[in-house]
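The letter at position 158 of the sequence shown is residue 157 when you use numbering that gives the first Met the number 0, and the numbering goes up by one with no holes. From the three backbone atoms N, C-alpha and C, an ideal C-beta is built for every residue, glycine too.
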Amino acid sequence: MAKMYLVMLGPPGAGKGTQAKEIARQLKLAHISTGDLFRENLKNETELGKLAQSYMNAGELVPDDVTVRMVEDRISRPDCERGAVLDGFPRTPNQAKALDDLLGKLGSSVKLVPYIKVPDEVLVERLSGRWMSPSGRVYHAKYNPPKVKWIDDLDGSQLYQREDDKPETVRHRIEVYNEQTSPLIAYYQEKNLLVEIDGTQGIEKVTDAIMKAVGEV
Ligand code: ADP
Ligand code: AMP
C-alpha cells in the first residue's frame, strides 16, 4: 500500500499537536513532531538539544540543516512504514523542498496539508493555558482540562507549562510564523494539497473536518 504523509500546517497554538496525535492514531500512522523531538533532546542533554535550546527559548527557528537531518533520521524508522503525520515541520520553504526531496527518494510524496486556521488573538489564550505532560500529551486549563488540575489523566504525572509559552515569546513565535512559515500556505496551495480547516471549532469537530478531508483525497 502507498505510504501516507500528511503535513499539519498552522500557527503556534492552532492545535496541530492535538490533532496530529488523534489523526495518527485513527489512521495508524506515526506522529512526528519536531518540537517534541527537540524537547526530548533537550531533556536528555544531547548535543542536538544543546544546540536547539537557545533558539527554542527565544522563539526562533532551529537552523534548517539540523532540523532536516533530524526528520530524515526519524522518518526512516520502522514505525513510519505506513507513513506519518508531520507536526511542526516543515516550517520554512527550504524545509518544504527538503521534505519533497526526502519523500521523493522514498518513492512517495505529501498527500494532504490540513491548514488549521485560527486568528492571532485566540493563539495567545490557547498557549498561555496550555499544560503539557512529560509524555507529550497536551491539555488546556480551560478548553481541555485534565480530571485533576496539573495531573496527567493517564499516567498521573505532573503537568507543566512550556518555557516558550510566555506571552512575550508567544508573540514573537507568531511573528516568526507569519514571516517564515506562512509562505507554505501558497506553496502547498499551488500543489493543490492544501485544505483549510476552521480551527476555532471544538477539538472533536476539528478532527472530524480533517478526517473528512483525508477521506476525500
Ligand atoms: P500547536 O501544536 O499547533 O502549537 P496544540 O495542539 O498544542 O497547538 O494546542 C494549543 C493549546 O490549545 C493546547 O492547550 C490545546 O489543548 C488547546 N487546543 C487545541 N485545539 C483546540 C480547540 N479546537 N479549541 C480549544 N482549544 C484547543
Ligand atoms: P513546537 O513544539 O512545534 O511549537 O516547536 C517548538 C520550537 O522548536 C520552535 O519554536 C522552534 O524553536 C523549534 N522547532 C520545532 N520545529 C521546528 C522546525 N521545523 N524548524 C525549526 N525549528 C523548529
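When the Cα of residue 6 is compared with those of 83, 155, 145 and 103, which residue comes out closest? Here residue 6 refers to the residue found at position 7 of the sequence shown. The candidate whose alpha carbon is nearest that of residue 6 is 83.
Where residue 91 falls, given that 16 or more other Cβ within 10 Å makes a residue buried: Taking the sequence shown and counting its residues from 1, the one referred to as residue 91 is at position 92. Buried, because 16 or more other Cβ atoms sit within 10 Å of the Cβ of residue 91.
Would residue 129 pass as a contact of residue 58 if the rule is Cβ separation under 7 Å? In the sequence shown, residue 129 corresponds to position 130, counting from 1. In the sequence shown, residue 58 corresponds to position 59, counting from 1. Not closer than 7 Å, so no.
Which whole-angstrom value describes the C-beta separation of residue 111 and residue 205, a residue pair presumed to lie in contact below a C-beta threshold of 8 Å? If you number the sequence shown from 1, residue 111 lands on position 112. If you number the sequence shown from 1, residue 205 lands on position 206. That pair is no contact at about 15 Å.
What residue range is occupied by the uninterrupted alpha helix (DSSP H) comprising residue 22? Counting from 1 along the sequence shown, the entry for residue 22 is found at position 23. Residues 15-26.
Should residue 143 be counted as a contact of the ligand ADP given a C-beta to heavy atom distance under 6 Å? Position 144 of the sequence shown, counted from the start, is the residue given in the question as residue 143. Yes; taking the cut-off as 6 Å, the Cβ of residue 143 has a heavy atom of the ligand ADP nearer than that.
Under 6 Å from any heavy atom of the ligand AMP, does the C-beta of residue 55 make it? Taking the sequence shown and counting its residues from 1, the one referred to as residue 55 is at position 56. Correct: residue 55 has its Cβ closer than 6 Å to the ligand AMP.
So, are the CB atoms of residue 61 and residue 51 less than 7 Å apart? Indexing the sequence shown from 1 puts residue 61 at position 62. Indexing the sequence shown from 1 puts residue 51 at position 52. Cβ atoms of residue 61 and residue 51: closer than 7 Å.
Checking 7 Å against the spacing of the C-beta atoms, do residue 19 and residue 198 come in under that value? Walking along the sequence shown from the start, residue 19 turns up at place 20. Walking along the sequence shown from the start, residue 198 turns up at place 199. No, they are not a contact pair.
Between which two residues does the alpha helix (DSSP H) carrying residue 211 extend? Taking the first residue of the sequence shown as 1, we reach residue 211 at position 212. Residue 211 -> alpha helix (DSSP H) spans 202-214.
Mapping the DSSP letters down to three states, classify residue 177 as helix, strand or coil. Sequence index remark: in the sequence shown, residue 177 carries index 178 (1-based). Here residue 177 sits in helix by DSSP.
Taking its Cβ as the centre, do 16 or more other Cβ atoms sit within 10 Å of residue 32, making it buried, or is it exposed? Along the sequence shown, read from residue 1 onward, the residue named residue 32 stands at position 33. Buried, since its Cβ has 16 or more Cβ neighbours within 10 Å.
Taking only runs of the alpha helix (DSSP H) that begin and end inside the stretch 28-59, which ones reach a length of at least 4 residues, in chain order? 33-42 and 46-57
Along the beta strand (DSSP E) that carries residue 182, what are the first and last residues, could you check? Walking along the sequence shown from the start, residue 182 turns up at place 183. Here residue 182 belongs to no beta strand (DSSP E); instead the alpha helix (DSSP H) covers 182-189.
With burial defined as no fewer than 16 other Cβ atoms inside 10 Å of the residue's Cβ, what is the status of residue 45: buried or exposed? Within the sequence shown, residue 45 is the residue found at index 46, counting from 1. With fewer than 16 other Cβ atoms within 10 Å, it is exposed.
Please determine whether the Cβ atom of residue 212 lies at a distance below 6 Å from any heavy atom of the ligand ADP. By 1-based counting over the sequence shown, the position of residue 212 is 213. Residue 212 Cβ: outside cutoff for every heavy atom of the ligand ADP.
Cβ of residue 162 within 7 Å of Cβ of residue 40? Taking the first residue of the sequence shown as position 1, residue 162 is located at position 163. Taking the first residue of the sequence shown as position 1, residue 40 is located at position 41. No, these two residues do not count as a Cβ contact at 7 Å.
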